[in-house]
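Notes follow once the structure below has been shown.
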Amino acid sequence: MTKLTQAAARGLLVAAQGLQQQKPRKATEKSVREIIRQMHVLQIDTISVVARSPYLVLWSRLGHYEPRWLDNLLEKGALFEYWSHAACFLPIEDFAYYWLGMMERGSTDNGWRKWLQDNQEVAERVMDYVRENGDVRSSDFENTKGLKGGWWNHKDEKIALEALFNGGQLMIRKRHNFQRVYDLRERILPDWDVAQAATKEQIHEQFVLNTIKALGVTKADWIADYFRLKKADTMKALKILEQEDKVGRIEVEGWSTPGYFHFDNEAMVMAAAKGKIPQSKTTLLSPFDPIVWDRKRASELFNFDYKIEVYTPEPKRKYGYFTLPILYKNQLIGRLDPKAHRKEGIFEVRALHLEAGAEVDDAMVASLKETIKACAEWHKTPQVIVRTASVPGLAEQLAD
Numbered sequence: 030m031t032k033l034t035q036a037a038a039r040g041l042l043v044a045a046q047g048l049q050q051q052k053p054r055k056a057t058e059k060s061v062r063e064i065i066r067q068m069h070v071l072q073i074d075t076i077s078v079v080a081r082s083p084y085l086v087l088w089s090r091l092g093h094y095e096p097r098w099l100d101n102l103l104e105k106g107a108l109f110e111y112w113s114h115a116a117c118f119l120p121i122e123d124f125a126y127y128w129l130g131m132m133e134r135g136s137t138d139n140g141w142r143k144w145l146q147d148n149q150e151v152a153e154r155v156m157d158y159v160r161e162n163g164d165v166r167s168s169d170f171e172n173t174k175g176l177k178g179g180w181w182n183h184k185d186e187k188i189a190l191e192a193l194f195n196g197g198q199l200m201i202r203k204r205h206n207f208q209r210v211y212d213l214r215e216r217i218l219p220d221w222d223v224a225q226a227a228t229k230e231q232i233h234e235q236f237v238l239n240t241i242k243a244l245g246v247t248k249a250d251w252i253a254d255y256f257r258l259k260k261a262d263t264m265k266a267l268k269i270l271e272q273e274d275k276v277g278r279i280e281v282e283g284w285s286t287p288g289y290f291h292f293d294n295e296a297m298v299m300a301a302a303k304g305k306i307p308q309s310k311t312t313l314l315s316p317f318d319p320i321v322w323d324r325k326r327a328s329e330l331f332n333f334d335y336k337i338e339v340y341t342p343e344p345k346r347k348y349g350y351f352t353l354p355i356l357y358k359n360q361l362i363g364r365l366d367p368k369a370h371r372k373e374g375i376f377e378v379r380a381l382h383l384e385a386g387a388e389v390d391d392a393m394v395a396s397l398k399e400t401i402k403a404c405a406e407w408h409k410t411p412q413v414i415v416r417t418a419s420v421p422g423l424a425e426q427l428a429d
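Mapping of the sequence shown onto our numbering: residues 30 to 429, in sequence order.
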């Protein structure tokens, strides 16, 4: 019987996520769009000690590219923003699978419906302003209220913008200095018809199918997290997809349950079962990269226990504020705590921690040094400083 090793499962995830070694090719705006389609979701986060997460996730896969290309794709309508795994950039082709969620979120989620009902005058004033003046930022409204408390201290218009965005009446036209710029949905998607919206069952099946393809090979337990589905909905959709012959099963060593794969990946899966396992590039990952955002999966598949310590008080941090996992030869071999000092042109690695058992040899050191240097140059902070490392002498080897 065909069977995958754990190493094969890791390699298939790497390849499905576009992180495998490939012949160097120049990144383009088109390749940014293609890799987002391949992942299906690109999580948004605003922390900027290094590049904000969506830009860093793209760099991990594409290498040196222009961050403005992501902004361009959003403004051109090739992408849209909405809630998925979290707040995400999403391929516009998938909009039909989010419409029902917009209707449900706009009516029931987190008190948005009640707020809009209680503040109809504010919501209508905001909609009228957008209709008459075009796209708008929350900062375009003057804050005359001056009151603290509730709704994260945002002014009423900001709350209205968010509520109307959640309900699909407004969409994000573009971002300016990473601040959202809102516009009417019908102006951004003039040809959209609610008749195009997918049913709940179609949504679940498509999201499960997309997840299985994006993970290479996966346990059933790992599927729900990718699009934040309910476990019951996930298992129901998975059963239907199996019956329709859209996904296959394969045994994976060490797993007590079957592995599932998308038939589009069948040739790659069969090759991996025969030992032709995709090999990862050496790169640094965002804490919100699909490889590691499911901490349970990262632990089970890579034996890598990971926690972002942004919200941990500094004296209690073990590794650092915003550590980046290090991917090397299909393993997560450690993490580093970076800071891009843009004015000074310095890329500082405040600490680098390797996992116990990570092999330190000339090839690994050279590959990691090259990767850190490439990341620094992409940040336009070409001088690399490595303060400390868990292996004696490693910091000096990795610095300029």
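No residue lacks a Cβ here, since even glycine has one placed at the ideal position from N, Cα and C.
Which of the three DSSP states is assigned to residue i in this structure?
i: T417; result: coil
i: P342; result: coil
i: Y211; result: strand
i: E280; result: strand
i: P234; result: Before going further, note that residue 234 is Glu rather than Pro in the sequence given. If DSSP states are grouped into helix, strand and coil, E234 belongs with the helices.
i: F290; result: strand
i: K32; result: strand
i: L71; result: strand
i: R160; result: helix
i: Q49; result: strand
i: G175; result: Note that G175 scores a pLDDT of 49, beneath 50, so its modelled location is shaky and nothing firm can be said.
i: A428; result: coil
i: P411; result: coil
i: V155; result: helix
i: W180; result: Confidence at W180 is low in this model, with a pLDDT of 37, below 50, so its placement is unreliable and the value that follows should be read with caution. In this structure, W180 counts as helix in the three-state DSSP scheme.
i: T57; result: coil
i: V165; result: strand
i: T228; result: coil
i: G386; result: coil
So the candidates are the options; which of them puts its Cα closest to the Cα of residue i?
i: S400; options: P344, R416, F331 and L314; result: One detail in the question is off: residue 400 reads as Thr in this sequence, not Ser. That would be L314, whose Cα lies nearest to the Cα of T400.
i: L199; options: R257, M132 and Y255; result: M132
i: H205; options: R154, T34, T247 and E104; result: E104
i: V246; options: D390, V151 and H291; result: H291
i: I73; options: S82, V165, Q412 and K203; result: S82
i: Q149; options: S113, F170, E186 and H114; result: E186
i: D220; options: L427, R346 and G106; result: G106
i: S113; options: M68, L99, P96 and V415; result: M68
i: H408; options: Y84, D169 and D334; result: Y84
i: R326; options: D212, L361, T311 and L427; result: L361
i: K259; options: Q272, V237 and R160; result: V237
i: A226; options: D123, R202, W141 and V415; result: D123
i: D254; options: R324, Q51 and P287; result: R324
i: E234; options: A192, I252 and S60; result: I252
i: L99; options: V79, A115 and P120; result: P120
i: I375; options: I232, Q412 and R214; result: Q412
i: E63; options: V79, L102, I414 and A36; result: L102
i: E338; options: N332, S328, P316 and K358; result: P316
Just to confirm, is the Cβ distance from residue i to residue j under 8 Å?
i: V70; j: C117; result: yes
i: I76; j: W144; result: no
i: P354; j: V321; result: yes
i: A380; j: L397; result: no
i: G363; j: A387; result: yes
i: A56; j: L91; result: yes
i: I306; j: G40; result: yes
i: A45; j: N239; result: no
i: D318; j: S89; result: yes
i: K229; j: L129; result: yes
i: L42; j: L356; result: no
i: H93; j: A385; result: no
i: G10; j: D212; result: In this structure the chain extends from 30 to 429, so residue 10 is not present and cannot be described.
i: R416; j: V378; result: yes
i: Q50; j: K303; result: no
i: L33; j: I279; result: yes
i: Y126; j: I232; result: yes
Hey, quick one: how far does the beta strand (DSSP E) through residue i stretch, first residue to last?
i: L258; result: Taken as a continuous stretch (DSSP letters only), L258 belongs to no beta strand (DSSP E), as it is neither H nor E.
i: K203; result: L199 to H205
i: E40; result: Looking at the sequence shown, residue 40 is not Glu but Gly. Note, G40: premise wrong, no beta strand (DSSP E); alpha helix (DSSP H) at Q35 to A45.
Hey, quick one: how far does the alpha helix (DSSP H) through residue i stretch, first residue to last?
i: L193; result: D185 to N195
i: L381; result: Run containing L381: none in the alpha helix (DSSP H); it sits in the beta strand (DSSP E), I375 to L383.
i: R142; result: W141 to D147
Can we count residue i as close to the ligand FMN, meaning its CB is less than 7 Å from some heavy atom?
i: L85; result: Of ligands this structure carries none, so the ligand FMN is not represented either.
Pick out the complete beta strand (DSSP E) segments inside the region 86–132, 3 residues or longer, and give them in chain order. 108–112 and 116–120
Within the region 302–370, ranges of the beta strand (DSSP E) (whole runs, at least 3 residues): 353–357 and 360–370
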